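Data first, discussion second: the structure below is written as structure tokens.
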Ligand code: C5P
């Protein structure tokens, strides 16, 4: 899957003949899994229709500060929504206005409001492209941190031939992918995550299990994928989908199955995060037929499950190994001793005493504890935010 998968892209089209190619660019971005919102300068409407662009992008297209019903098209909201903005084609006129900080149309106002990386694909006649003022303006945009996608050489609409053609949509996509990959903090890193409960069968229809939803581990897997990692998720029974994410998911039921899948993927992983709520015990025997309710009592003999994380700790080579701890008392002390006993690099402690933490909740309140026994507490946050905190902390603290 492309690094553009799930990226929120504002495609800004200014009034050049290459605007027709923007339709192909939208198509390619959508194919790569990006979410695209198109904006135009009012003059660009002479070159390409909103209907084409809204159909291809599956989103409304905007070019004015307010729509026909008088609703405000919020440029600040669009600028903040985007993970990246692409100005393609960027005419000499739009480039000069961007360099000057003008905000006379929606495209320019979105550009000024954008907090994300902005990519500029110039498109103009060769003499305009060569002109010192255009060169100055492009340099100025680069000095603001914008990225210029160099124009290509070839036939131009004027009939002349030379530099100034907008980069072909395929080349714009390659430029974006290369640039985003070089900036993705976990690009080419292998992240292995376990999530969810395990179910230990009593008979074909009954099990011993726990209330874990899998939310925390799945959010970690999603966040790692968004940071460019190659992610493998070993997931106990959970209804939460990972559709749309570049995640290799293996669904398992029991602790033994989870152990086999974790051990199989462990040797070539860089970061391993064991967030599953593994059942500590399983029934000694599994009946092959549904057990009848014959007597008034039923005795179920349980035997200990393997401690998957302990086993991984024993085999540790270069992996950064992270465990979770859910404690009800002497939390920090218990978590620290778990860290040592299981040979972990870090443990994420969530306390049962916090109402924001725990099973089936959308929020979690965690502390990170590392080998040097430093305890870093966090406030309660959404599990997706906690997932990012965990991965950012790993990137900061360890040599990944
Ligand atoms: O020892 P305790 O169950 O509190 O440790 C929690 C950590 O150990 C979690 O990361 C959990 O995923 C892992 N674990 C495991 N195998 C078990 C029990 C827990 O890997 N059988």
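Numbering (the numbering used here), first residue to last: 24 to 423. A virtual CB, placed ideally from N, CA and C, is assigned to each residue, including glycine. All figures in this text were calculated on a predicted structure; none of them were measured in a lab.
Report task. With DSSP as the reference, label residue 271 as helix, strand or coil. Result -> It is a strand residue.
Query - Any alpha helix (DSSP H) of 4 or more consecutive residues that is wholly inside the region 314–357 - result: 331–337
Query raised in the report: For the ligand C5P, is there a heavy atom less than 8 Å away from the beta-carbon of residue 390?
Result: no
Query raised in the report: What three-state label does DSSP hand residue 39 in the structure shown?
Result: coil
**Report entry** the ligand C5P heavy atom lying under 8 Å from the CB of residue 217
**Finding:** yes
**Report entry** Those residues, in chain order, that have a beta-carbon closer than 5 Å to some heavy atom of the ligand C5P
**Finding:** 297, 299, 301, 328, 330, 331, 332, 346 and 347
Report task. Whole angstroms is fine: what's the gap from residue 161's alpha carbon to residue 171's? Result -> 7 Å
Report task. Pull up the DSSP beta-bridge partners for residue 393, would you. Result -> 369
Query - Entirely enclosed alpha helix (DSSP H) segments - the region 113–151, minimum 4 residues - result: 115–123 and 129–136
Report task. Mind the definition here: the region 90–103 touches the region 143–156 only if three or more C-beta pairs lie below 8 Å; say whether that holds. Result -> Under the Cβ criterion (8 Å, minimum of three pairs), the region 90–103 does not count as touching the region 143–156.
Query raised in the report: Less than 9 Å separating the beta-carbons of residue 246 and residue 414?
Result: Yes, the pair counts as a contact, with Cβ atoms nearer than the cut-off.
**Report entry** Cross-strand partners of residue 256 (DSSP beta bridge)
**Finding:** 216 and 272
Query raised in the report: Residue range of the beta strand (DSSP E) that residue 63 falls in?
Result: 58–63
Query raised in the report: What three-state label does DSSP hand residue 226 in the structure shown?
Result: Of the three classes helix, strand and coil, the one that applies to residue 226 here is strand, per DSSP.
Query raised in the report: Counting Cβ pairs closer than 8 Å, one from the region 48–63 and one from the region 187–196, do we hit at least three?
Result: yes
Query raised in the report: Taking the alpha-carbon positions, what's the residue 372 to residue 266 distance?
Result: 28 Å
Query raised in the report: Would residue 220 be called buried (16 or more neighbouring beta carbons within 10 Å of its own) or exposed?
Result: buried
Query - At least 3 beta-carbon pairs within less than 8 Å: the region 208–218 vs the region 246–259 - result: Enough Cβ pairs lie closer than 8 Å, so yes.
Query raised in the report: Does DSSP classify residue 178 as helix, strand or coil?
Result: strand
Query raised in the report: Expressed to the nearest angstrom, what Euclidean distance is found between the alpha-carbon atoms of residue 155 and residue 123?
Result: 15 Å
Query - Endpoints, the beta strand (DSSP E) within which residue 295 is located - result: DSSP places residue 295 inside the beta strand (DSSP E), whose first and last residues are 294–297.
Requested in this report: Work out the CA separation of residue 84 and residue 63 for me, nearest whole Å.
Outcome: Those two C-alpha atoms are separated by around 8 Å.
**Report entry** Element boundaries [beta strand (DSSP E), containing residue 13]
**Finding:** Because the chain is modelled from 24 through 423, residue 13 falls outside the range shown and cannot be assessed.
Requested in this report: Would you kindly work out how many angstroms separate the C-alpha atoms of residue 268 and residue 240, rounded to a whole number?
Outcome: 14 Å
**Report entry** Start and end residues, alpha helix (DSSP H) containing residue 192
**Finding:** 192–206
Requested in this report: Could you tell me the distance, in whole angstroms, from the CA atom of residue 169 to the CA atom of residue 270?
Outcome: Residue 169 and residue 270: Cα-Cα distance of roughly 31 Å.
Report task. Quick one: residues in its chain with C-beta nearer than 7 Å to the C-beta of residue 391, no 5 flanking neighbours on either side, listed in chain order? Result -> 369, 371, 399 and 416
Query raised in the report: Would you say residue 337 and residue 294 are within 9 Å of each other, going by their C-beta atoms?
Result: no
Query raised in the report: From the DSSP output, which residues share a beta bridge with residue 304?
Result: 327.
Requested in this report: May I ask you to report which of helix, strand or coil DSSP gives residue 108?
Outcome: strand
Query raised in the report: What distance in whole Å lies between the Cβ atoms of residue 299 and residue 218, which are believed to be in contact at a cut-off of 8 Å?
Result: Under the criterion of beta carbons closer than 8 Å, residue 218 and residue 299 qualify as touching, at roughly 6 Å.
Query raised in the report: In three-state terms, what does DSSP make of residue 100?
Result: helix
Query raised in the report: If we ignore side chains and look at the alpha-carbon of each, how far apart do residue 179 and residue 189 end up?
Result: When rounded, the distance between both Cα atoms is 10 Å.
Query raised in the report: In the structure shown, what three-state DSSP assignment does residue 400 receive?
Result: strand
Requested in this report: Please report the Cβ distance between residue 242 and residue 410, rounded to the nearest whole angstrom; I am assuming they are in contact, meaning their Cβ atoms lie under 8 Å.
Outcome: 4 Å
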